[in-house]
Amino acid sequence: MTRWTRNLILVASLTALPACASTPAQRGLMVFQQVCSACHGMEHVAYGDMSSLGLSPDEIRKWAADQQMPNGTDDNGDPKTRPATATDPILSPYPNEAMGRLANHGLLPPDLSRLALTLPGGAEEIRQILLSYAPTPAGMTLDEGRYYNTALKWKHIGMPPPLQDGMLTYPDGTPATSAQMANDVSAFLDWIAHPHQAERRRIGVYVVTYLALMAFLTFLLQRRIWRAHR
Amino acid sequence: MTSPLKTPDTDPPDWLERRLPVMSLLRRQYVAFPMPRNLNAFWSFGAFLIVTMAFMIASGLFLAINYTPDITQAFASVEAIDRQIPSGWFIRSLHMGGVTMLFACLYIHIGRSLWYGSYKAPRELLWLTGLGLMLMVMVTAFAGYVLPWGQMSYWGATVILNAVHAIPLIGQPLSELLLGGDTLGNVALHRLFVLHFTMAFAILGVIALHVAALHVVKSNNPSGIDPVSPSQTLPFHPYYTSRDGFALCLFLMVYAGLVFFLPDLLTLADNYVQANPLVTPRDIRPEWYFAPFYAILRAVPSRLGGLLLASGSLAVLFTLPWLDRSALRPATRRPMVRLSLPLAFAAFMVLGVAGMHAPTPAWLLASRVAIAWWFIHFLLVMPLASEREMSS
Chain U
1 MTRWTRNLIL
11 VASLTALPAC
21 ASTPAQRGLM
31 VFQQVCSACH
41 GMEHVAYGDM
51 SSLGLSPDEI
61 RKWAADQQMP
71 NGTDDNGDPK
81 TRPATATDPI
91 LSPYPNEAMG
101 RLANHGLLPP
111 DLSRLALTLP
121 GGAEEIRQIL
131 LSYAPTPAGM
141 TLDEGRYYNT
151 ALKWKHIGMP
161 PPLQDGMLTY
171 PDGTPATSAQ
181 MANDVSAFLD
191 WIAHPHQAER
201 RRIGVYVVTY
211 LALMAFLTFL
221 LQRRIWRAHR
Chain X
1 MTSPLKTPDT
11 DPPDWLERRL
21 PVMSLLRRQY
31 VAFPMPRNLN
41 AFWSFGAFLI
51 VTMAFMIASG
61 LFLAINYTPD
71 ITQAFASVEA
81 IDRQIPSGWF
91 IRSLHMGGVT
101 MLFACLYIHI
111 GRSLWYGSYK
121 APRELLWLTG
131 LGLMLMVMVT
141 AFAGYVLPWG
151 QMSYWGATVI
161 LNAVHAIPLI
171 GQPLSELLLG
181 GDTLGNVALH
191 RLFVLHFTMA
201 FAILGVIALH
211 VAALHVVKSN
221 NPSGIDPVSP
231 SQTLPFHPYY
241 TSRDGFALCL
251 FLMVYAGLVF
261 FLPDLLTLAD
271 NYVQANPLVT
281 PRDIRPEWYF
291 APFYAILRAV
301 PSRLGGLLLA
311 SGSLAVLFTL
321 PWLDRSALRP
331 ATRRPMVRLS
341 LPLAFAAFMV
351 LGVAGMHAPT
361 PAWLLASRVA
371 IAWWFIHFLL
381 VMPLASEREM
391 SS
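Going down the list, the sequences are from chains U and X. According to my numbering, the first sequence holds residues 1 to 230 in order. According to my numbering, the second sequence holds residues 1 to 392 in order.
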C-alpha cells in the first residue's frame, strides 16, 4: 500500500468509523507501547500528542504515569525520577547514549520521531525491514548482536526480530500477526512523522474552497469594472 | 479626463489633512495614481511580493516567539512548533511555503523587467533597489535556513561560509564575523538569528524606497512607450486594485496548496535530522531557489573562480541599464534580444536543475554551457543589440 492510500484510509477512518473500531495507526500505537518502546523513544513527541490519535486524557495520563522521567538529583547527588505527565516527551528507555549503546552491542536504537520521513523509503521501508528477518544462511557468519535481514543493503541489522505472531492482543479483535503488526506500526510511525496531517488537509480544503469562491467573485468584479473601457 | 473620484483639492481641508496630509497622499498615490492601460498579468507579481512579505513577517514573529536560538535546543524548539504549539504547524508551513513563493515571484518579477526593458531610463534606481532587495532576501533566506539546526542547515551553511571565507581580503574577517569562532556553533546560530530577524525589517525599509521610486517614475508597460496624455492612463483604483485582487486570489490558492497539501515537497527530509558536525550527509543540496548559484559554484574547478562567477552572474544585472543603451524597451520589438533573452532564462533554469542533481559530467557540462550563455547574453548580446538599434 502506498503512503498516499494509507493516509487516505487513516483520514477516512478517523472521521467515518465509530469510536470502537481502530485504525492501523491506533493499533500501531499499541505495538509501539508494548514492543518498540523497550528500546526506542520519540523524544520530540509528547504523551499528550496521542490525543489526536483518539486516546482519552485518562488513557494518556495512565500511560505517562507508568513511565519515569529524570528529575534532578537528591541530597546525596543520586539521580531522582518522577512519573511522566501528558506534556512530557516520550523518551528512550536509556538514560543516555552510552547506556543505549552498552545495551545494544555498541549500536544506538534510533529515535522514532521523524524516522518515517528521514528514511529514504519512508514508512514502507520500516515495514519491509520488520518483515524481512530470516535465518542466517549457511556459510555466513554475523557478529554478535547482528541479525540477518534481507531488506538492508548489507543484509544485517542490529535490531533483534521484534515481532512474533500473537505477542499482543488487539482490543478490536484484529489478529495480531507479525505482518499485521508491521503494517500497523509503520502506519503509526508515518502518522508520527507527519504531525497534524489530517487536520492540515481538512483545513486546506476549506481554505482553497474559500479562495476559489473569492477568485470567482473578484473575477466578476474586475470584469465589470474593466468592461467600460474595452 | 474626468476622474470618477474626487481629487483632494476639492475636498474641504480637514483636521488631519492640515497637520499631516496622509489621506491626500494615499489618494494621490493609491487611488487616483495614473497607470498605463495595457498592463498584463506579469505586472501583478509586485503585489504578490508585498503580500508574501507581509505573511513572512507576521508568521516569522510568531515563530521567533517560540524558537530558541541555542544549538542544544533549536531543533527541539522547531519540533515543538510543528507538534505541540497550537497552530504552530500552520505558522511554520506558512513561513516555509512563503520562502518558495517569495523567490518564485522575485525571479518572475525580475524576468518581466528584463523582457519588457523596465530597467531602462528613467527607471534605473527602481531596478537597482529591486536587485538590492533580491540580495537582501537571499541573505535573509540563508540565515533563516540555518535556524532549525538540521543536517542541511548545518552543512549548507558550512558550504556557504567556506565560500565566503575564500573571498580575497574581506572573506576571512567576514566569515569570522558571522561565525564568531572557528566553527559553526552556538555563537554563529545566535548571530544568524539576529541577522535573519533584522534583515526582515531592513527589507521593509528598502521596499519603501523601491515603491517610492516606482511612484516617481511610474510603471513601465508591455509596449515600452510611456503614456503621455491622461487619456492613455487609468486610475489605480478601481482598475488595478480589482485586477490585482483577482490575481491575488489565484496566487493565494497556489500558496495554500503548498502549505496545506504539499508541505514536504519543498523541504529536504534530511533537515529533520538534527545537525551533527561528525556526519556529513551523502549529498549536500541547496533549496531550489539557491540551486542555480550552487550549480555555478560546483561547475568551476577553482573555489574562488566559482564564487566570482556566481556573484558575477548577479553583478551583471546591476550594470545592465548601462550595458543596454538602446531606447527600445520590450524584447518583442528587438529581434536579437527576443532570441537571446529566452535562452538566458533557459540557462538560469538549467542551472537550477543542475544544482539539484549530483555533479555528473553531463550536468557539469550543461552548467558550464548555461553559465557561458548567461554572460554572453548580458556582456555581448545586449551591448551589441543596443549598438545596432541606435545606429539604425
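Glycine residues also receive a C-beta, built at the ideal position from the N, C-alpha and C atoms. Given the structure is predicted, the values throughout are model-derived calculations rather than measurements.
Local Cβ density within 10 Å of residue i, reported as buried at 16 or more and exposed below that
i	result
proline 122 of chain X	exposed
glycine 306 of chain X	buried
glutamine 73 of chain X	exposed
tryptophan 363 of chain X	buried
alanine 179 of chain U	exposed
histidine 237 of chain U	Given that chain U is displayed from residue 1 to residue 230, the structure contains no residue 237 of chain U and the question cannot be resolved.
valine 259 of chain X	buried
phenylalanine 216 of chain U	exposed
threonine 183 of chain X	exposed
proline 36 of chain X	buried
proline 109 of chain U	buried
threonine 360 of chain X	exposed
glutamate 79 of chain X	buried
phenylalanine 32 of chain U	buried
glutamate 287 of chain X	buried
methionine 50 of chain U	buried
Closer than 7 Å to chain X by CB, residue i
i	result
arginine 254 of chain U	Nothing about residue 254 of chain U can be reported from this structure: the residues present for chain U run from 1 to 230 only.
threonine 118 of chain U	yes
glycine 158 of chain U	no
phenylalanine 32 of chain U	no
histidine 44 of chain U	yes
isoleucine 225 of chain U	yes
valine 185 of chain U	no
arginine 127 of chain U	no
valine 35 of chain U	no
arginine 61 of chain U	no
alanine 19 of chain U	Note that alanine 19 of chain U scores 47 on pLDDT, short of 50, meaning its location in the model is unreliable and no value can be drawn from it.
phenylalanine 188 of chain U	no
methionine 69 of chain U	no
Within-7 Å CB hit, residue i to chain U
i	result
valine 279 of chain X	no
cysteine 105 of chain X	no
phenylalanine 246 of chain X	yes
methionine 253 of chain X	yes
glutamate 79 of chain X	yes
leucine 250 of chain X	yes
methionine 1 of chain X	Residue confidence for methionine 1 of chain X is low, a pLDDT of 47 falling below 50, so the modelled location carries little weight and cannot support an answer.
alanine 256 of chain X	yes
arginine 285 of chain X	no
aspartate 70 of chain X	no
valine 273 of chain X	yes
serine 242 of chain X	yes
alanine 269 of chain X	yes
phenylalanine 48 of chain X	no
Selected residue, minimal CA-CA separation from residue i, among the options
i	options	result
serine 118 of chain X	X:Trp373, X:Ala327, X:Val381	X:Ala327
alanine 331 of chain X	X:Ala354, X:Pro361, X:Met382	X:Met382
threonine 267 of chain X	X:Leu323, X:Arg285, X:Phe236, X:Ala47	X:Arg285
alanine 54 of chain X	X:Arg83, X:Arg18, X:Asp14, X:Val99	X:Val99
leucine 125 of chain X	X:Trp373, X:Leu317, X:Ala366	X:Leu317
threonine 81 of chain U	U:His156, U:Asn71, U:Gly122, U:Asn104	U:Asn71
proline 230 of chain X	X:Asp82, X:Phe33, X:Ser77, X:Leu25	X:Phe33
aspartate 88 of chain U	X:Ile91, X:Trp89, X:Phe90, X:Arg83	X:Arg83
leucine 304 of chain X	X:Met101, X:Arg27, X:Ile167	X:Ile167
histidine 393 of chain X	X:Val216, X:Asn162, X:Ala143, X:Val164	This structure cannot speak to residue 393 of chain X, because chain X is shown only from 1 to 392.
alanine 138 of chain U	U:Ala25, U:Leu53, U:Tyr148, U:Ile129	U:Tyr148
asparagine 66 of chain X	X:Gly88, X:Ala370, X:Gln151, X:Ala347	X:Gly88
proline 135 of chain U	U:Trp4, U:Val208, U:Thr174, U:Arg146	U:Arg146
asparagine 271 of chain X	X:Thr233, X:Phe197, X:Tyr154, X:Gly150	X:Gly150
leucine 380 of chain X	X:Trp15, X:Leu265, X:Leu323, X:Asn221	X:Leu323
Per DSSP, the bridge partner or partners of residue i
i	result
glutamine 68 of chain U	U:Pro83
tyrosine 133 of chain U	U:Asn149
glycine 150 of chain X	X:Gln274
alanine 46 of chain U	U:Pro89
leucine 108 of chain U	Its beta-bridge partners do not exist; DSSP assigns none.
alanine 233 of chain X	Looking at the sequence itself, residue 233 of chain X is threonine, so the reference to alanine does not match. DSSP, once it has assigned bridges, lists X:Pro36 as partnering threonine 233 of chain X.
isoleucine 157 of chain U	U:Tyr147
Contact test: residue i Cβ vs the ligand ADP heavy atom, cutoff 6 Å
i	result
leucine 234 of chain X	With respect to the ligand ADP, the structure shown offers nothing to examine, as it has no ligands at all.
> Taking the runs of the alpha helix (DSSP H) that are 4 residues or longer, which of them lie wholly in the stretch 251 to 305 of chain X?
Replying inline: 291 to 299
>> Quick check for students: name the residue ranges of the alpha helix (DSSP H) that lie wholly in the stretch 300 to 377 of chain X, counting only runs of 4 or more.
In response: 303 to 323, 335 to 355, 361 to 376
> Which whole runs of the beta strand (DSSP E) in the stretch 42 to 126 of chain X are 3 residues long or more, in chain order?
Replying inline: Listed in chain order, the beta strand (DSSP E) runs fully inside the stretch 42 to 126 of chain X amount to none, counting runs of at least 3 residues.
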